[in-house]
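See structure below.
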Amino acid sequence: WREVAGDPGAALGLPPTAPAHDDSLQRRHEVLAEVQEHYYGVPPRIERGWRELLIDVEGRVYLDMVNNVASVGHAHPHVVAAGSRQMHLLNTNSRFHYRAIADYADRIAATLPDGFDTVFFVNSGSEATDLAIRLAMAATGRPDIVAMREAYHGWTYASDAVSTSIADNPFALETRPEWVHTVDAANSYRGRHRGADAVRYAPEAVAVIDGLAASGRRPAGMIAETYFGNAGGVALPDGYLREVYAAVRRHGGLAIADEVQVGYGRLGEWFWGFQQQDAVPDIVAVAKSIGGGHPLGAVITRREIGDRYRTQGYFFSSTGGSPVSSAIGMAVLDVIEQEGLQENARVVGGHLQRRLEELGERHDLVGAVHGSGLYLGLEFVRDRETLEPATTETAAICNRLLERGVIMQPTGDFQNVLKIKPPLVITRASVDVFVDALDRVLS
Ligand code: PLP
């Protein structure tokens, strides 16, 4: 994009655009390989789960601090009953109009602002973001997509092409198709804009989008994780999405929100990611939480966008949103609402964040605690001045936690950051068990 847009950051007085993570690609892979070696000698073989607990084949009980997919916890009775009932009634997709699917589509649409009246069901988050990209391309008749650096959107062709993280996609930088254009991540964990506010860097992303349009490549859309999951569990700064969405729309493109990771309650609202930003997208991709662990994803958009896609291509998924998945998805939304799990994410998440911050005052290894609700990032550093990542120490901490019955592991690009994202049903007592175990391990 630099060829197209020059270096817009320079005009704003920002440091050179060479992103730090591109330069250290080789080193990153070495670190990943190093860390793997330090990982769990013998990982536990989990057999069953209940709420935020997991039980292995030996009967040992673990606290699950990482499973963001099991939104309402493991084996929630209401979800199990709804899925089993539907299995008895009907579990097949075809071209007819099935009651469970139609009811669930209405329910999903009702969680979004007015106008989101078209729902496509798929089986996973990758399929959802992939379809969202194709919808934008078909609706605008254009091929170009803008993505944010350090993001993860999935493993299918289109979702992988816009995934700019390194750990999940080692070849992304070399093989990125020419229709993908990247802008620097907003306030990512180790990015150039760490801690920056939107006013400082949103204009840079806007300049890239304007530059693309000026060169005759008006983008079909921009895809963004509305909360930085992969890059360490960091919230986007206020105003960023609003400004970049506006730029994309000025050129006739569409805004795609990837809410796969945080949508439906993790941050204390159905869609905190874009609600907080006051930036309503045109297309929303969701998965993970909505299926409560069952394979289920959805793309929600407005009729005119969905219809344009239908007239140009054909969407059909044999198992996407099957009657059983839909019944489970409906039950998951019921549980989130009836058990007040959004509130729980805010209250218990707030308690967890305060306890971790307090831990940081006593243990030098803790670099920072960031994030929101029940998606927090806990960074370990060897030195608070240089912020040298404590990667092998982090692996050791996870191993010691495992010995104490806590399942925790770093994922994504930063192996010195624990992304803490337990099931939304987690209690204050379980959070205390986790922090006390971590305190002892750090001591
Ligand atoms: N988008 C985001 C933000 C994700 O975090 C993920 C998975 O981690 C995906 C998309 C892909 O979802 P799935 O693993 O269900 O294919």
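Count along the sequence shown from 1, add 511, and you get the number used in the UniProt record's numbering.
We treat Cβ as the ideally placed atom computed from N, Cα and C, and that holds for glycine.
Values in this document were obtained by computation on a predicted structure and should not be read as measured data.
For the alpha helix (DSSP H) containing Gly-636, name the first residue and the last one.
Taking the sequence shown and counting its residues from 1, the one referred to as residue 636 is at position 125. Residues 636–651.
With distance defined between alpha-carbon atoms, name the residue in Ile-839, Ala-766 and Gly-804 nearest to Val-795.
Mapped onto the sequence shown, residue 795 falls at position 284. For the residues Ile-839, Ala-766 and Gly-804, the minimum Cα distance to Val-795 belongs to Ala-766.
Indicate, with yes or no, if the ligand PLP has a heavy atom lying under 7 Å from the CB of Glu-563.
For the purposes of this step, residue 563 is identified with residue 52 of the sequence shown, where counting begins at 1. Because no heavy atom of the ligand PLP lies under 7 Å away, the Cβ of Glu-563 does not count as near it: no.
Say the cut is 7 Å; is the CB of Thr-622 nearer than that to a heavy atom of the ligand PLP?
Taking the sequence shown and counting its residues from 1, the one referred to as residue 622 is at position 111. Because no heavy atom of the ligand PLP lies under 7 Å away, the Cβ of Thr-622 does not count as near it: no.
In terms of alpha-carbon separation, which member of Leu-600, Ala-620 and Ala-621 lies closest to Ala-611?
Within the sequence shown, the letter at position 100 stands for residue 611. The option with the nearest alpha carbon to Ala-611 is Leu-600.
Taking three-plus beta-carbon pairs below 8 Å as touching, is the segment 858–866 in contact with the segment 882–901?
yes
Let me check you understand the geometry: is the CB of Ser-836 closer than 7 Å to at least one non-hydrogen atom of the ligand PLP?
On the sequence shown, position 325 is the one that residue 836 refers to. Checking the Cβ of Ser-836 against the ligand PLP gives no.
Could you pull the start and end residues of the alpha helix (DSSP H) that Trp-561 belongs to?
Along the sequence shown, read from residue 1 onward, the residue named residue 561 stands at position 50. Premise fails: Trp-561 lies in the beta strand (DSSP E), 557–561, not in any alpha helix (DSSP H).
Given this structure, state the Cα-to-Cα distance separating Ile-734 from Ala-613, to the nearest angstrom.
Indexing the sequence shown from 1 puts residue 734 at position 223. Indexing the sequence shown from 1 puts residue 613 at position 102. Rounded to the nearest angstrom, the two C-alpha atoms are 27 Å apart.
When every heavy atom of the ligand PLP is checked, does at least one fall within less than 7 Å of the C-beta of Val-771?
Residue mapping note: residue 771 aligns to position 260 of the sequence shown, counting from 1. Result yes, Cβ under 7 Å from the ligand PLP.
Note down the Cα distance separating Ala-593 from Ile-839, rounded to an integer number of angstroms.
The residue given as residue 593 occupies position 82 in the sequence shown. The residue given as residue 839 occupies position 328 in the sequence shown. Those two C-alpha atoms are separated by around 6 Å.
Inter-residue Cα distance where the pair is Gln-788 and Tyr-756
Position 277 of the sequence shown, counting from 1, holds the residue named residue 788. Position 245 of the sequence shown, counting from 1, holds the residue named residue 756. Answer to the nearest angstrom: the Cα atoms are 11 Å apart.
Could you tell me which residues DSSP pairs with Leu-765 in its beta bridges?
Within the sequence shown, residue 765 is the residue found at index 254, counting from 1. Per DSSP, Gly-732.
Bridge-paired residues (DSSP) for Tyr-738
Residue mapping note: residue 738 aligns to position 227 of the sequence shown, counting from 1. Tyr-738 is bridged to Ala-746.
Own chain, CB closer than 8 Å to Asn-604, minus 5 neighbours either side, in chain order
Counting from 1 along the sequence shown, the entry for residue 604 is found at position 93. If we look at Asn-604 and ignore the five residues flanking it on each side, its Cβ neighbours are Ile-612, Ser-828, Ser-829, Thr-830, Gly-831, Gly-832, Ser-833 and Pro-834.
Counting only runs that start and end within the segment 831–897, where is the alpha helix (DSSP H) found for 4 or more residues in a row?
834–849 and 852–873
Suppose you measure from the CA of Leu-889 to the CA of Pro-934; what does that come to, to the nearest Å?
Within the sequence shown, residue 889 is the residue found at index 378, counting from 1. Within the sequence shown, residue 934 is the residue found at index 423, counting from 1. Straight-line Cα distance between these residues: approximately 17 Å.
Less than 8 Å between the C-beta atoms of Asp-947 and Arg-813, yes or no?
Along the sequence shown, read from residue 1 onward, the residue named residue 947 stands at position 436. Along the sequence shown, read from residue 1 onward, the residue named residue 813 stands at position 302. For Asp-947 and Arg-813, no; Cβs fall outside 8 Å.
Do Val-673 and Val-691 have their C-beta atoms within less than 8 Å of each other?
Residue mapping note: residue 673 aligns to position 162 of the sequence shown, counting from 1. Residue mapping note: residue 691 aligns to position 180 of the sequence shown, counting from 1. Yes.
Leaving out five residues on either side along the sequence, give the residues of the same chain with a beta carbon under 8 Å from the beta carbon of Glu-558.
Within the sequence shown, residue 558 is the residue found at index 47, counting from 1. Same-chain partners within the cutoff: Ile-566, Asp-567 and Val-568.
With 16 as the cutoff for other CB atoms within 10 Å, does His-532 come out buried or exposed?
As a working note, residue 532 is residue 21 in the sequence shown. Legend: pLDDT at His-532 = 37, less than 50; position of this residue unreliable, value from coordinates given subsequently. Buried: at least 16 other Cβ atoms inside 10 Å.
Does any heavy atom of the ligand PLP sit closer than 7 Å to the C-beta of Glu-736?
One-based indexing of the sequence shown puts residue 736 at position 225. Yes.
List the endpoints of the continuous beta strand (DSSP E) containing Asp-575.
Indexing the sequence shown from 1 puts residue 575 at position 64. Looking at the DSSP string, the run of the beta strand (DSSP E) that includes Asp-575 is 572–575.
Is Thr-830 near the ligand PLP, judged by its Cβ being under 7 Å from some heavy atom?
The sequence position of residue 830 within the sequence shown is 319, counting from 1. No - the ligand PLP has no heavy atom lying nearer than 7 Å to the Cβ of Thr-830.
Assign Met-919 to one of three DSSP states: helix, strand, or coil.
The count along the sequence shown starts at 1 and reaches residue 919 at position 408. Of the three classes helix, strand and coil, the one that applies to Met-919 here is coil, per DSSP.
Cβ-based burial, Val-572 [other Cβ within 10 Å; buried from 16]
On the sequence shown, residue 572 is found 61 positions in, with the first residue counted as 1. Answer is exposed; the Cβ neighbour count stays below 16.
Taking the alpha-carbon positions, what's the Gly-560 to His-608 distance?
Walking along the sequence shown from the start, residue 560 turns up at place 49. Walking along the sequence shown from the start, residue 608 turns up at place 97. Near 34 Å, if we compare the C-alpha coordinates of His-608 and Gly-560.
Using the three-state DSSP reduction, which class does Asp-534 fall into: helix, strand or coil?
As a first step, residue 534 is located in the sequence shown; it is residue number 23 there, counting from the start. Residue placement at Asp-534 cannot be trusted, given a pLDDT of 42 that sits under 50; what the coordinates show is reported in the next sentence. Helix.
Helix or strand or just coil, what does DSSP make of Val-759?
Reading the sequence shown from its first residue, position 248 is the one you call residue 759. If DSSP states are grouped into helix, strand and coil, Val-759 belongs with the helices.
Give the secondary structure of Thr-902 by DSSP, where H, G and I count as helix, E and B as strand, and everything else as coil.
Taking the first residue of the sequence shown as position 1, residue 902 is located at position 391. Looking at Thr-902 - three-state DSSP - the assignment turns out to be helix.
Please classify Arg-895: is it buried, with 16 or more other beta-carbons within 10 angstroms of its beta-carbon, or exposed?
Stepping through the sequence shown from its first residue, residue 895 is reached at position 384. Under this definition Arg-895 is an exposed residue.
Taking the alpha-carbon positions, what's the His-805 to Leu-867 distance?
Residue 805 sits at position 294 when you count from the first residue of the sequence shown. Residue 867 sits at position 356 when you count from the first residue of the sequence shown. Going by the C-alpha atoms only, they are around 31 Å apart.
Confirm, please, whether the CB-CB distance from Arg-819 to Gly-764 is below 8 Å.
If you number the sequence shown from 1, residue 764 lands on position 253. If you number the sequence shown from 1, residue 819 lands on position 308. Cβ distance not < 8 Å, so Gly-764 and Arg-819 don't count as in contact.
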